[in-house]
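Taking it in order: structure first as structure tokens, then the write-up.
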Amino acid sequence: MSMKIRLARGGSNKRPHYSIVASDSRMPRDGRFLEKLGTYNPLLAKDSEERVKMDLDRVKYWLSHGAQPTDRVARMLETAGVLEKAVRNNPKQAEPGAKAKKRAEERAKKAASAAEATE
1 MSMKIRLARG
11 GSNKRPHYSI
21 VASDSRMPRD
31 GRFLEKLGTY
41 NPLLAKDSEE
51 RVKMDLDRVK
61 YWLSHGAQPT
71 DRVARMLETA
81 GVLEKAVRNN
91 PKQAEPGAKA
101 KKRAEERAKK
111 AASAAEATE
């Protein structure tokens with residue numbers, strides 16, 4: 001059974017509240033889970049202690065039994081000091097799109113032609 005530590009959404013429309021749960025990866029996001037490990041309230045200030053609450057002993061237990069945290073939960077565990085910080089690098093994401101590249105080329109051509117005209 002492949003285990004995940006992930007967020008299960010609760011709360012009403014436009015007012016999210018998440019539970020940090022250990023569940024089978026085949027179960028739906030808000031569906032059946034094995035254990036509730038904590039809560040996450042994104043509406044609170046980032047420096048608030050109430051924003052993320054976790055039972056770190058149980059999280060460590062599930063990690064030792066092979067549970068894989070999702071990206072968001074992994075970031076929370078990194079800030080709590082349970083996991084080592086992972087290097088995230090997505091250079092393709094920062095690359096400009098095709099239209100922006102074309103505009104940059106046109107700007108470079110105009111600047112080059114203006115520089116030639118002044119010489």
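Residue numbers (full-length UniProt numbering): 1 to 119.
The beta-carbon is built from N, C-alpha and C at its ideal position, and this holds for glycine as well.
The Cβ atoms of Lys4 and Pro69 sit closer than 9 Å to each other. Contact annotation: Ala8 and Ser19 have beta-carbon atoms nearer than 9 Å. Here Gln68 is bridged, per DSSP, to Lys4. Lys99: member of the alpha helix (DSSP H) spanning 98-118, first to last residue.
Going by beta carbons, Val82 and Lys53 fall outside the 9 Å limit. DSSP places Lys92 inside the alpha helix (DSSP H), whose first and last residues are 91-94.
As summarised for the region 6-46, the continuous beta strand (DSSP E) elements at least 3 residues long and confined to that stretch are 17-24, 35-40, given in chain order.
Of the candidates Asp57, Arg51, Ala114, Asp57 places its Cα closest to the Cα of His65. Around the beta carbon of Ser48, a 10 Å sphere encloses fewer than 16 other beta carbons of the protein chains shown; the residue is thus reported as exposed. In this structure, Glu78 sits away from Ala67, with a CB-CB distance that is not shorter than 9 Å. If you ignore the 5 residues before and after Arg51, its C-beta comes within less than 8 Å of the C-beta of Tyr40, Asn41, Pro42, Leu44, Ala45, all in its own chain and listed in chain order.
Between the alpha carbons of Ala94 and Lys110 lies a distance of about 25 Å.
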